[in-house]
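One structure is given below, encoded as structure tokens.
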Amino acid sequence: MLPQLSLSHSGTWLACAKAPVLVGVDLEIQACTRQRDIPALAALVCAPAEQEWLLAQPADIQQQCFLQLWCLKEAYFKCLGTGVDFEKIRQVTWHCGTLRTKPHAVCDVGIAHARLWQAYTGTGEYLCLALCALEPLPELMPRQAMVAPELKWLGDAEWRLYVA
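Everything in the sequence shown is counted per numbering that gives the first Met the number 0, starting at 0 for the first residue and increasing by one.
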């Protein structure tokens with residue numbers, strides 16, 4: 000198989016992923032002043048278990064938690080090569096493997112793997128970067144091609160996608 004490529008951008012930021020397997024990448028930036036209606040958005044794009052998890056988070060981090068789920072979902076649909084499918088988006092549920100808890104899913108077999116990185120920019124914007132593949136991902140770290148000293152990486156987490 001030829002190398003696979005996936006691109007994403009948000010604001011002035013760009014992400015690119017190249018892999019020997021199908022891969023999807025998504026990058027999202029949230030300005031610290033932008034507030035979304037999380038319950039309404041979650042009802043549109045999140046599986047019931049994701050909505051429950053999201054609304055159980057402290058109010059001050061719900062915006063970031065929603066952005067994480069959205070970023071993961073968009074990376075998954077890019078990996079499939081279909082773009083976001085709003086008919087299927089609520090039928091799959093992401094589960095953070097780092098939490099070591101049992102997923103709330105119909106099946107116990109994951110259908111995709113992802114790694115999610117989080118950072119803050121020098122101007123206080125929240126950055127979320129997701130990489131998704133249909134098979135396990137190796138240990139990875141984002142590489143900055145351009146000088147971006149203002150990025151403060153917060154860490155990463157492994158995620159698995161299940162049928163909701």
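Cβ coordinates follow ideal geometry from the N, Cα and C atoms, glycine included. Predicted, not measured: the structure shown is a model, and the values here were computed from it.
query	result
For histidine 8 and lysine 77, the rounded distance between their alpha carbons	13 Å
Supposed close pair leucine 126, leucine 150 - CB separation, criterion 8 Å	7 Å
Identity of the residue in Leu160, Thr32 and Ile60 nearest threonine 92 by Cα	Leu160
Cβ neighbour criterion (16 or more within 10 Å) applied to glutamine 34	exposed
Nonlocal neighbours in the same chain, by C-beta distance under 6 Å from glycine 121, ignoring five residues either side	Glu149
C-alpha distance - tryptophan 69 paired with glutamate 51, whole-angstrom precision	15 Å
Inter-residue Cα distance where the pair is alanine 30 and aspartate 59	14 Å
For cysteine 127, three-class secondary structure by DSSP	strand
Pair within 8 Å by beta-carbon distance, valine 162 and isoleucine 110	yes
Complete runs of the alpha helix (DSSP H) confined to the stretch 13-84 [at least 4 residues]	37-44, 47-54 and 61-79
For leucine 26, the nearest candidate out of Glu134, Leu13 and Thr32 (CA to CA)	Leu13
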